[in-house]
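K.L.:
If you're matching positions, the sequence shown starts at 1 in full-length UniProt numbering and goes up one per residue.
Think of the CB as a built atom: it goes at the ideal place given N, C-alpha and C, for glycine as much as any other residue.
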Amino acid sequence: MAYHDSALDAVFRALSDPTRRAMIARLERGPAAVGELAEPLEMALPSVLKHLRVLEEAGLVASEKVGRVRTCRLEAERMADAERWIAERRRAWSARLDRLEAMLEEERDHET
Numbered sequence: 001m002a003y004h005d006s007a008l009d010a011v012f013r014a015l016s017d018p019t020r021r022a023m024i025a026r027l028e029r030g031p032a033a034v035g036e037l038a039e040p041l042e043m044a045l046p047s048v049l050k051h052l053r054v055l056e057e058a059g060l061v062a063s064e065k066v067g068r069v070r071t072c073r074l075e076a077e078r079m080a081d082a083e084r085w086i087a088e089r090r091r092a093w094s095a096r097l098d099r100l101e102a103m104l105e106e107e108r109d110h111e112t
């Protein structure tokens, strides 16, 4: 995965907001109408729609309008990209810490 990836940047930017994370958490349970997403957020519908637009632009959420109801669903692949990126960082840091630990143990053994 590239060091700088604008799609991944958009995902992390979208996830940086607690309102959008709450919307994602709700959509993990299944599709929901915009009104259902807005209900627990205690904000005006235009504000909810702005947050939803950020999630859609990041590729985390897709929506479809049928009649007067706009239904949103989670797009798991973009979230999986972020999870893979985090896992790569975790592996890299874990390996570095393991090497540091081995070096410190070796140094300690030489001192005794």
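Is Asp-70 helix, strand or coil by DSSP?
P.N.:
Note that residue 70 is Arg in the sequence shown, not Asp. Residue state, collapsed to three classes: strand.
K.L.:
Can you tell me whether Ser-63 is helix, strand or coil according to DSSP?
P.N.:
Strand at Ser-63.
K.L.:
For Lys-78, collect the residues of the same chain with a Cβ closer than 8 Å to its Cβ; drop the 5 residues on either side in sequence, then sort them by chain order.
P.N.:
The sequence shown places Arg at residue 78, rather than the Lys named in the question. Here the set comprises Ala-7, Val-11, Ala-58, Gly-59, Leu-60.
K.L.:
With three or more C-beta pairs closer than 8 Å as the rule, is the region 25 to 36 touching the region 82 to 89?
P.N.:
Short answer: they don't touch.
K.L.:
Cβ atoms of Ala-14 and Leu-55: under 8 Å apart, would you say?
P.N.:
For Leu-55 and Ala-14, yes; Cβs fall inside 8 Å.
K.L.:
Within 10 angstroms of its Cβ, does Met-23 collect 16 or more other Cβ (buried), or is it exposed?
P.N.:
Buried, by the Cβ-count rule.
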